[in-house]
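Undergrad: When we follow this note's numbering, the leftmost residue of the sequence shown carries the number 2, and every step to the right adds one.
All C-beta atoms, glycine included, are put in the ideal place defined by N, C-alpha and C.
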Amino acid sequence: MGNPEFGGMSEFLRQLRCAWVIAKKNARVYYLKGPVVTFGIIFPLFFYLSFAAGHSAPVEVMVPGIAAMALFFTASAVGPLVTPWERQARTFERLITSPASLSAILAGDIGAGAAFGAALALLPLGAALVLTTAQVSAALPLVAGWLLGAIAFSSLGVLMAAPATDTPSQVMMLSNLVRLPLIFVSGVFVPHAQMPQWGQWLSPLSPLSYCADLIRVGFGSTSYFGVITDVLALIGISITFVVAAHVFHLRTRNRLA
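#1: Enumerate in chain order the residues of its own chain whose CB-to-CB distance from A140 is below 8 Å, with the five nearest sequence positions on each side excluded.
#2: Can you tell me whether A78 is helix, strand or coil according to DSSP?
#3: Going straight from the alpha carbon of A105 to that of C19, what length do you get?
#4: Just to confirm, are V186 and L203 a CB contact at a threshold of 8 Å?
#5: Mark G109 as exposed unless 16 or more other C-beta atoms lie within 10 angstroms of its C-beta, in which case mark it buried.
#6: For P81, collect the residues of the same chain with a Cβ closer than 6 Å to its Cβ; drop the 5 residues on either side in sequence, then sort them by chain order.
#7: If you follow the alpha helix (DSSP H) that Y211 is in, where does it begin and where does it stop?
#8: For a test of the three-state rule: what should DSSP assign to M161, helix, strand or coil?
#9: Name the residue from A28, M10, M70 whose alpha carbon lies nearest to the alpha carbon of F190.
#10: Okay, do the stretch 65 to 79 and the stretch 206 to 224 touch, 3+ Cβ pairs below 8 Å being the bar?
#11: State the Cα-Cα distance for the pair T223 and R217, rounded to the nearest angstrom.
#12: Classify T253 as helix, strand or coil using the three-state DSSP reduction.
#13: Work out the CA separation of L235 and L148 for me, nearest whole Å.
#14: Take the Cβ of E87 as the centre, count every other Cβ of all protein chains shown within 10 Å, and call the residue buried at 16 or more, exposed below.
#15: Tell me the residue span of the alpha helix (DSSP H) that contains G227.
#16: Quick one: is G221 buried, meaning 16 or more other Cβ sit within 10 Å of its Cβ, or exposed?
#17: Does the Cβ-Cβ distance between F117 and A194 come in under 8 Å?
#18: Starting from F117 and walking both ways along the alpha helix (DSSP H), at which residues does that stretch end?
#19: Using C-beta distances below 7 Å, list every residue in its chain close to V60, excluding the 5 sequence neighbours before and after it, in chain order.
#20: Let me know if I1 comes out buried or exposed under the rule of 16 or more other beta-carbons within 10 Å of its beta-carbon.
#21: Does DSSP classify P5 as helix, strand or coil?
#22: Between the C-alpha atoms of A151 and A76, what's the straight-line distance to the nearest angstrom?
#23: Assuming the contact rule is C-beta atoms closer than 8 Å, I23 and A120 should be a hit. Round their C-beta distance to whole Å, please.
#24: Going by C-alpha to C-alpha distance, which of A113, V248, F154, S207 sits closest to P182?
#25: Which residues bound the alpha helix (DSSP H) around G188?
#26: Please state whether DSSP places N27 in a helix, a strand or coil.
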């Protein structure tokens, strides 16, 4: 009889390789499409600038807000679209009947979204550092917010891909209905202390609140929630999104089987 422990480790490594292959496939096939650039870079930039027009916000406030929004949109832009695109191209059935488990498929989707989102969002961050007087004063909170935020936002995107549809426009409508309220209660546009009472109650529900808070600390501002709270909240939110994505994707797969 084989060693059960060795067999379990062998299967884990095989699924890990499957997740890596899926992540590379997603990056190669999907992440250079128009919606990523439009909704990941251009949309949040003009969205923020249009709101900030007429406001005398210092660059130390504007730059972290733009960077956090760019990360939020880039990391969550493709996750909702990968599954509908694959259903539309009739490749989804081949994927779910492959040796890759559902966990490996979701891990590949989340990993690709987080990595590509974190890398692509560096463009507006780098431009802001070059073109403005904003400076990074604490690298560790900035890096923590960047990486943990990318994972949380990518997990949210994969969760929103769960509905059984092959029409990307329907998923994008749902995605924007979820993402836009999360932006407005996150404190990116209006500091938490200046938000109405109901906004301060809803702000902790948005993962962008904690990511933007850590990025602001990286630029020398004071944390609203506390750095440890930000880190733990992003980890907890990511786990919640991953578990929910697995449950809803499994239900959709069983319904379509």
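TA: Put simply:
#1: G219
#2: helix
#3: 6 Å
#4: yes
#5: buried
#6: G158, M161, A162, V172, S176
#7: 208 to 219
#8: coil
#9: M70
#10: yes
#11: 7 Å
#12: helix
#13: 10 Å
#14: buried
#15: Per DSSP, G227 belongs to no alpha helix (DSSP H) and is neither H nor E.
#16: exposed
#17: no
#18: 103 to 121
#19: T133, T134, A135
#20: Given a span of 2 to 258 for the chain in the structure shown, any question on residue 1 remains unanswerable.
#21: In this prediction, P5 scores a pLDDT of 47, lower than 50, which makes its location untrustworthy; the coordinate-derived value is nonetheless stated afterwards. Note: P5 maps to helix in three-state DSSP.
#22: 6 Å
#23: Contact flag wrong, Cβ pair sits at about 18 Å.
#24: S207
#25: G188 -> no alpha helix (DSSP H), and no H or E assigned at all.
#26: helix
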